[in-house]
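Order-wise, the sequence lines are chains A and B. So the first sequence is numbered by our numbering: it starts at 1 and just counts up by one. So the second sequence is numbered by our numbering: it starts at 1 and just counts up by one. Report on one structure; see the data block that follows.
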Amino acid sequence: MTEFKKPRMSRASRKAVIARLARYYARYKFSVLAALILMIGSNLFALLGPYLTGKAIDAIDLQSGVDFAAVTRYCVWMAIFYVVSSIFSYVLSVLMIRLSQKIVRSMRQDVFDKILSLPVGALDRLQAGDLINRISYDIDTVNASLSNDILQAATGIITIVGTLVGMALTSLPLLGVFIVTVPISVFIAIKRSKAVRPLFRKRSQKLAELNGFSEEMLSGLKTIRAYGREKEILDKFRKKNEEAANAYYDADYLGSLIGPSVNFVNNLGTVLISTGGVFFYLFNLISIGDISAFLLYARKFSGPVNEYANILGEIQSALAAAERVFRLLDGESEKADDPDAVVLEETEGKLRFENVSFSYDGETPVIENLSFTANPGQVVAIVGPTGAGKTTLVNLMMRFYDVTDGKIELDGTDIRRYTRKSLRAAFTMVLQDTWLFEDTIFENIAYGKENATAEEVERAAEGAHIAEYIRSLPDGYKTAITDGGVNLSKGQKQLMTIARAMLSPAKMLILDEATSNVDTRTEILIRDAMNNLMRGRTSFVIAHRLTTVRNADLILVVKDGNIVERGKHEELLEKGGFYAEIYSAQFQ
Amino acid sequence: MKTVFSYLSSYKARMAFGLFLKAVGTFAELVLPLIMAYMIDDVAPTQNALALSLWGAAMLVCAVAALVGNVTANRMASRVARDTTTRLRNDLFAKILSLSARQIDEVTLPSLVSRLSSDTYNVHNMIGMMQRLGIRAPILLVGGVALTFTVDPVLALVLLFTVPVLTIIVVFVSKRGIGLYTRLQRSVDSMVRKVRDDYTGIRVIKALSKTEYESETFRKINEEVVANETKAGVTMGVTNPLMNAVLNLGMAAVIFVGAYRVSAGRVKVGDIIAFTSYFTIILNAVISVSRIFVNFSKGGASAKRIGAILELPRDLIPVPEEKKAEDDAFIRFDHVSFSYNGAPALTDISFSLKKGESLGVIGATGCGKSTLVALLLRFYDVDKGKITIDGKDVRAYGAELCEKFGVVFQSDFLMAASVKENIGFERELTDEQIERAAEYAKADKFIRAHEGYEGMLTARGANFSGGQKQRLLIARALASSPEILVLDDSSSALDYKTDAQLRKTLLQNLPETTIIMIAQRISSVKFADKILVLDGGKAVGLGSDEELMRTCEVYRRIYASQHEGGEAYDGI
Numbered sequence: 001m002t003e004f005k006k007p008r009m010s011r012a013s014r015k016a017v018i019a020r021l022a023r024y025y026a027r028y029k030f031s032v033l034a035a036l037i038l039m040i041g042s043n044l045f046a047l048l049g050p051y052l053t054g055k056a057i058d059a060i061d062l063q064s065g066v067d068f069a070a071v072t073r074y075c076v077w078m079a080i081f082y083v084v085s086s087i088f089s090y091v092l093s094v095l096m097i098r099l100s101q102k103i104v105r106s107m108r109q110d111v112f113d114k115i116l117s118l119p120v121g122a123l124d125r126l127q128a129g130d131l132i133n134r135i136s137y138d139i140d141t142v143n144a145s146l147s148n149d150i151l152q153a154a155t156g157i158i159t160i161v162g163t164l165v166g167m168a169l170t171s172l173p174l175l176g177v178f179i180v181t182v183p184i185s186v187f188i189a190i191k192r193s194k195a196v197r198p199l200f201r202k203r204s205q206k207l208a209e210l211n212g213f214s215e216e217m218l219s220g221l222k223t224i225r226a227y228g229r230e231k232e233i234l235d236k237f238r239k240k241n242e243e244a245a246n247a248y249y250d251a252d253y254l255g256s257l258i259g260p261s262v263n264f265v266n267n268l269g270t271v272l273i274s275t276g277g278v279f280f281y282l283f284n285l286i287s288i289g290d291i292s293a294f295l296l297y298a299r300k301f302s303g304p305v306n307e308y309a310n311i312l313g314e315i316q317s318a319l320a321a322a323e324r325v326f327r328l329l330d331g332e333s334e335k336a337d338d339p340d341a342v343v344l345e346e347t348e349g350k351l352r353f354e355n356v357s358f359s360y361d362g363e364t365p366v367i368e369n370l371s372f373t374a375n376p377g378q379v380v381a382i383v384g385p386t387g388a389g390k391t392t393l394v395n396l397m398m399r400f401y402d403v404t405d406g407k408i409e410l411d412g413t414d415i416r417r418y419t420r421k422s423l424r425a426a427f428t429m430v431l432q433d434t435w436l437f438e439d440t441i442f443e444n445i446a447y448g449k450e451n452a453t454a455e456e457v458e459r460a461a462e463g464a465h466i467a468e469y470i471r472s473l474p475d476g477y478k479t480a481i482t483d484g485g486v487n488l489s490k491g492q493k494q495l496m497t498i499a500r501a502m503l504s505p506a507k508m509l510i511l512d513e514a515t516s517n518v519d520t521r522t523e524i525l526i527r528d529a530m531n532n533l534m535r536g537r538t539s540f541v542i543a544h545r546l547t548t549v550r551n552a553d554l555i556l557v558v559k560d561g562n563i564v565e566r567g568k569h570e571e572l573l574e575k576g577g578f579y580a581e582i583y584s585a586q587f588q
Numbered sequence: 001m002k003t004v005f006s007y008l009s010s011y012k013a014r015m016a017f018g019l020f021l022k023a024v025g026t027f028a029e030l031v032l033p034l035i036m037a038y039m040i041d042d043v044a045p046t047q048n049a050l051a052l053s054l055w056g057a058a059m060l061v062c063a064v065a066a067l068v069g070n071v072t073a074n075r076m077a078s079r080v081a082r083d084t085t086t087r088l089r090n091d092l093f094a095k096i097l098s099l100s101a102r103q104i105d106e107v108t109l110p111s112l113v114s115r116l117s118s119d120t121y122n123v124h125n126m127i128g129m130m131q132r133l134g135i136r137a138p139i140l141l142v143g144g145v146a147l148t149f150t151v152d153p154v155l156a157l158v159l160l161f162t163v164p165v166l167t168i169i170v171v172f173v174s175k176r177g178i179g180l181y182t183r184l185q186r187s188v189d190s191m192v193r194k195v196r197d198d199y200t201g202i203r204v205i206k207a208l209s210k211t212e213y214e215s216e217t218f219r220k221i222n223e224e225v226v227a228n229e230t231k232a233g234v235t236m237g238v239t240n241p242l243m244n245a246v247l248n249l250g251m252a253a254v255i256f257v258g259a260y261r262v263s264a265g266r267v268k269v270g271d272i273i274a275f276t277s278y279f280t281i282i283l284n285a286v287i288s289v290s291r292i293f294v295n296f297s298k299g300g301a302s303a304k305r306i307g308a309i310l311e312l313p314r315d316l317i318p319v320p321e322e323k324k325a326e327d328d329a330f331i332r333f334d335h336v337s338f339s340y341n342g343a344p345a346l347t348d349i350s351f352s353l354k355k356g357e358s359l360g361v362i363g364a365t366g367c368g369k370s371t372l373v374a375l376l377l378r379f380y381d382v383d384k385g386k387i388t389i390d391g392k393d394v395r396a397y398g399a400e401l402c403e404k405f406g407v408v409f410q411s412d413f414l415m416a417a418s419v420k421e422n423i424g425f426e427r428e429l430t431d432e433q434i435e436r437a438a439e440y441a442k443a444d445k446f447i448r449a450h451e452g453y454e455g456m457l458t459a460r461g462a463n464f465s466g467g468q469k470q471r472l473l474i475a476r477a478l479a480s481s482p483e484i485l486v487l488d489d490s491s492s493a494l495d496y497k498t499d500a501q502l503r504k505t506l507l508q509n510l511p512e513t514t515i516i517m518i519a520q521r522i523s524s525v526k527f528a529d530k531i532l533v534l535d536g537g538k539a540v541g542l543g544s545d546e547e548l549m550r551t552c553e554v555y556r557r558i559y560a561s562q563h564e565g566g567e568a569y570d571g572i
C-alpha cells in the first residue's frame with residue numbers, strides 16, 4: 001500500500017538502485033557467467049526441437065514411403081536435445097537459487113547489522129513492522145525478481161528472436177501470414193500493463209483497507225458491544241466490503257479477458273498457419289513438416305510476449321523494494337569512536353555533568369546548561385511528568401547521543417574519550433519495558449554477563465528474589481520463555497531483568513522504575529530487589545516510588561525538557577515549587 | 001463447508017449457464033487440431049481452395065467462439081464469486097459482532113480476524129477458480145485424450161502414457177513442497193521474532209555490548225532460512241524442466257511410433273501434427289488440475305473455518321422474567337459466583353448501590369475486578385446468584401441494557417478516526433454533548449491544543465499520550481450522560497493532580513450517575529460511598545474508606561504499601 005501512494009521512482013534513483021544491486025551480483029561473477037551460458041544453451045537446444053520435428057515429419061511424408069532411418073535419427077536427436085535442454089534449465093535454476101540466496105543472506109545480514117548500529121533515537125522513529133517488512137518481504141521481492149524475472153526476461157528475448165528466426169527459416173510466406181497475430185499479442189500485453197495492473201493495485205489496496213478495518217473493529221469488539229453500536233459498525237463494514245468486492249470484480253472483469261485472449265491468439269495462430277500452410281502446401285511452397293515446425297514455433301512465440309508486461313511490473317516493484325532496503329542501509333549509523341579513544345578498564349563511578357546542553361534536532365534545546373555531580377554509590381532520582389525528557393539524560397550518559405555543548409565526565413575524564421562499548425559496559429540497566437527474549441530463563445539472566453556460570457546466575461536470581469519461583473518450575477532454569485510457554489506475570493518479568501542487571505559487575509546503574517501493576521506482595525519483592533541492586537553502585541533512577549525519592553542523594557526535577565529544580569527531598573518540599581506541587585497532589 | 005456452499009445455491013441458474021458457456025468455449029478449442037488434421041490430410045489432396053477456405057473459416061469461428069464463451073463465462077463467474085463473498089463476509093462480520101464473550105474467548109480474536117480476512121479471501125478465490133478452471137481443465141484433459149483416441153488409439157496410448165507420469169511428478173513435488181514450505185515458514189517466523197525482539201530490546205543490547213553476539217545469533221537464523229529456502233526452491237524447481245522433458249520425449253515417441261503407423265496406412269501425417277497440438281493442451285490441463293487441487297484444499301479449509309463460526313449457536317439470549325421485583329437498590333449483586341472454564345474468578349459477591357451512589361473496587365491484578373464489570377454488562381452469565389439493575393435481572397434485558405452504561409475498559413479501544421468520532425462513537429450526539437463530555441473528562445484543553453475535535457487519531461491513538469488517551473475514553477463514556485458510569489483502571493496514567501480534579505468534576509456534575517470505579521490506587525477509590533476489596537475473587541471488605549481502615553486487614557495493607565514506601569506515584 002505504501003508503494004501505491006509513492007510517486008514513481010525517478011530515472012536517476014532507479015539507475016542508482018540497479019547499479020547497487022549489480023554490485024551484489026558482481027561478487028559472484030563466475031556464477032553469473034555460468035548462468036548466462038546455461039541459459040543460452042538451454043534455450044537454443046529447446047529451439048532446435050521444432051526444427052527436428054519438422055524434419056522428422058517430412059521424413060514420414062515422402063511419396064516414396066517412410067524413411068525410417070531418418071525418422072529414428074531425428075527423433076533420437078530431438079530426445080537428446082530436449083533432455084539436455086531440460087537438464088540445463090534445471091541446473092540453471094538451481095544455480096540461480098543458490099546465487100540469489102547468497103545475495104539474500106548478505107543483504108539480510110547487512111540490514112540486521114544496520115538495525116543494531118543505528119542510533120537508538122533513529123530506531124525509535126522506525127516501526128518494528130516496517131523493519132520486518134524490509135528484512136523479509138522486501139528482500140524476498142528483490143530476489144524473487146532478480147533470480148526469476150531477469151532470467152525470464154532474458155529467456156523471453158532469446159525465445160522471441162529465436163522463434164522468429166526459426167519461423168523465417170522454415171517459411172517466409174507463412175511468417176507473413178502469422179505476423180498478423182503479433183499486434184494482437186502486443187495489444188494484450190499493453191492492455192494488461194496499462195489497464196489491468198492499476199485495477200489489481202486498487203484491488204489489493206481496498207482489500208487491505210477492509211482487513212485493516214475489521215482488525216481494528218474486532219480489537220474494539222468489547223467496547224462496541226458495551227455501547228451497543230453493532231449495527232452502525234456493521235453498516236460501515238458493509239460499505240467497505242462492497243468497495244473491496246467491487247474492486248476485486250473490476251480487476252477480474254478486465255483480467256478475465258487476458259487468459260482467453262492469449263488462448264485466442266494461439267488459436268488464431270493455429271488457424272492462420274494451418275489454413276495458410278495448406279494453401280502454400282498446395283502450391284508446393286512448403287512441406288507438411290514445415291507446417292508442423294512452424295506451428296510449434298508459433299506456440300512458443302506468444303508465451304514470452306504475454307509474460308513481458310507482467311515481468312516488467314514485477315521488476316519495477318522489486319526495484320522499489322530494493323530502494324526501501326537501501327534507504328535503510330544508508331541511514332546514519334552511530335558515529336564511530338574517536339580514533340584515539342581508550343578502553344575504559346575500571347571506574348569508581350563518579351559521574352559529572354558540566355554545563356551540558358543538548359538538542360535532538362539542533363534547534364529546540366532539550367537540556368540547557370546542566371551541571372551536577374553523582375559521587376560513587378550515590379542515588380540520583382530523576383522525576384517529572386511523562387514525556388518531560390527524563391530518558392534524554394540516560395541517552396546522554398550512555399552515549400546513545402552526544403552532548404551538543406559542555407561535557408560529561410566519568411572519574412574526571414570526558415566520556416567521549418572512551419570507546420562506546422567499554423563505556424556502556426560500565427553501566428547496567430533495568431528498564432520499564434521488561435525485555436526478555438525467547439530462550440530459556442537461564443539464557444535470559446546470563447545475558448547480563450559474558451560466560452556467566454550457573455552459580456552466578458543463581459546468585460543473581462537469589463538477590464532478585466526470583467530464585468524460589470524459578471526452582472518451583474518443572475524445568476527450573478531451563479524453562480523456555482515463549483509466548484505459548486510459561487506465563488510470567490509482569491512482576492516476575494521485572495524481577496528477571498533485575499537479576500540480569502545484578503549479574504553485571506558494572507559500577508553504575510540506570511533504573512527506570514515501573515509504574516507497577518502488580519500485587520502488593522510482588523511489589524515488596526521488587527522494591528527489595530531493586531535496593532539490593534543499587535547497593536554499591538552509582539544509581540540513576542527514573543523514579544516512581546516515594547522511598548526512592550525520599551532516600552535519594554540528589555533529586556533532579558524535569559519539566560518540559562528542562563531541569564527545573566534540584567536538591568534533596570526536604571529541601572525541595574520546603575521550596576514549595578513544582579516538586580512540592582506534584583508531591584502534595586497525591587494526598588488530595 | 002456446507003454452510004458456505006449453501007451461499008452458492010441462490011446463484012445456481014447463473015452458475016449453470018456460465019458453466020455451459022465455458023463448456024462450449026472449451027470444446028470449440030478442442031476441435032481446432034482435429035479440423036487442422038482433416039484439412040491437411042483430406043482437404044489438401046483435393047486441391048479445393050474453396051473448401052479449404054471454408055474449413056479455415058470454421059476454425060476461425062471456433063476460435064472466436066472459444067474467446068467469447070470463455071470471457072463471458074469468466075465474467076459471470078467473477079460476479080457470482082463477488083456476490084457470494086460479499087454476502088458471506090457481511091454475515092460473518094455480523095455473526096462475530098453477535099458472539100458472546102465466552103465464544104470469542106474460545107475462538108480467540110486473532111483467529112476471528114484471520115477468518116474474516118484471509119479465509120474469506122481464499123473462499124473468494126476458490127469460488128472464482130472452481131467456475132473458471134473447474135470445468136475447463138477436466139474437459140481439456142478428458143476431452144483431449146478422448147479425441148486423440150478417435151484419431152488413432154495406438155498414438156493416443158503413447159500420449160496417455162505421459163499423463164500419469166506428469167500427474168505423479170506434480171503430486172509428488174507439490175507434496176514435498178508443502179512440507180518444505182511449512183519448514184521455511186517456521187524459520188522465517190523465528191527470523192521475524194529475532195528482529196522484533198532486538199528492536200524492542202535495543203537499549204539493553206547496546207548497554208550490555210551484545211551487538212556482536214546478536215549479529216552472530218541472527219547469522220545462524222539467517223543461514224537456516226537460506227538453507228530451507230534453497231531446498232524448497234531446488235525441489236520445486238524440478239517440476240518445470242521435468243514436465244517439459246516428459247512432454248517432449250512423448251512427442252518424439254509419437255512421431256517415432258507415428259512413422260510406423262503412417263507406413264502401415266493407419267494414420268496420416270496431419271494426425272501426427274494434431275497430436276503434437278493435443279500434447280500442449282493436455283500438459284496445460286495437468287498443470288491447471290494441480291493448481292485447482294492446491295486452491296481447493298486451501299479454500300476448503302478456509303470454508304470450514306468460516307462455517308464453524310457461522311454455525312455457532314446464538315448465546316446470551318434475553319431470558320424473560322415473570323415479574324420485576326421492587327427494589328430500593330439500583331444495582332444489586334446477589335451472591336454472585338463466576339468461573340472461566342472451571343477456574344473460579346469471583347466467589348459469592350454481594351453488594352448493592354442506590355442510584356447516584358459510587359462504588360470503588362480495589363485489589364491486586366487478577367483478583368476479579370474486571371470480571372465484575374463483564375458480568376454487570378452481561379458479557380458472561382453468572383454461574384450462581386443474580387445481578388439486577390433497577391430490580392430487573394440483567395439476563396432479562398435486551399439491547400437496552402448497554403444504553404444505561406458509559407464504560408471505559410482497561411486499555412480500551414481508540415479508532416483511527418477524528419477525536420469527535422472517537423468520543424461520539426457512532427451515537428447520535430451533538431457537538432455540545434461531545435465537547436461538554438471532553439471538558440468534564442479534562443480533555444478539552446489538550447484536544448484544542450492538539451488539532452481540535454476534527455483532529456485525527458492514528459491507529460490505537462498512538463499520537464496521544466497514555467493519560468490523554470484515558471481522558472478521551474472517559475469523555476466517550478460521559479458523552480451520552482449514562483445512568484451508570486464504569487471506569488476500569490482508566491485513570492492509572494493520569495498524574496495525581498489531574499486524577500483528583502477529574503473525580504471532583506465527576507461528583508459535582510453527575511450527581512445522578514451511579515459510578516463504579518476500579519483502581520489499584522487507594523487514592524482513586526477513597527472518595528466512593530462504598531469500597532469493595534477483592535482478594536483472589538472473594539470480597540474481603542465492603543464499606544467506606546474509614547470503615548475499611550478499621551476493619552479490613554487487606555485494605556490496611558494496601559494502604560500501607562502505597563503510603564509508606566511502596567507507592568507507585570506516576571506523576572512524579
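Glycine included, every Cβ here is placed at the ideal spot set by N, Cα and C. As the structure is a prediction and not an experimental result, all values here were calculated from the model.
Local Cβ density within 10 Å of residue i, reported as buried at 16 or more and exposed below that
i	result
E230 of chain A	buried
Q101 of chain A	buried
H335 of chain B	exposed
V342 of chain A	exposed
S10 of chain A	exposed
P482 of chain B	buried
K597 of chain A	In the structure as shown, chain A begins at 1 and stops at 588. Residue 597 of chain A is therefore absent and cannot be evaluated.
Beta-ladder partner(s) of residue i, from DSSP
i	result
K384 of chain B	B:S337
Y418 of chain A	A:V342
D152 of chain B	Paired residues: none, contrary to the question.
Where the beta strand (DSSP E) through residue i begins and ends
i	result
E565 of chain A	N562 to G567
Anticipated Cβ contact below 8 Å, residue i with residue j, distance rounded
i	j	result
A274 of chain B	L140 of chain B	In fact, because the Cβ distance is near 15 Å, the residues do not count as touching under 8 Å.
V278 of chain A	A44 of chain B	5 Å
S256 of chain A	S288 of chain B	S256 of chain A to S288 of chain B, Cβ: 15 Å. No contact.
Extent of the continuous alpha helix (DSSP H) run through residue i
i	result
I139 of chain B	Run containing I139 of chain B: none; DSSP gives neither H nor E here.
K111 of chain B	Rather than Lys, the amino acid found at residue 111 of chain B in this sequence is Ser. L109 to S114 is the span of the alpha helix (DSSP H), which, as asked, contains S111 of chain B.
R352 of chain A	Premise fails: R352 of chain A lies in the beta strand (DSSP E), L351 to F358, not in any alpha helix (DSSP H).
Discussion item. Would the region 324-340 of chain B count as touching the region 162-174 of chain B if we require 3 or more Cβ pairs under 8 Å?
Written reply: Note that the region 324-340 of chain B does not touch the region 162-174 of chain B; fewer than 3 beta-carbon pairs, one per stretch, sit closer than 8 Å.
Worksheet item: Is the region 426-434 of chain B touching the region 221-236 of chain A in the sense that three or more CB pairs, one from each, lie closer than 8 Å?
Response: Taking 8 Å as the limit for Cβ pairs, the verdict is that the region 426-434 of chain B does touch the region 221-236 of chain A.
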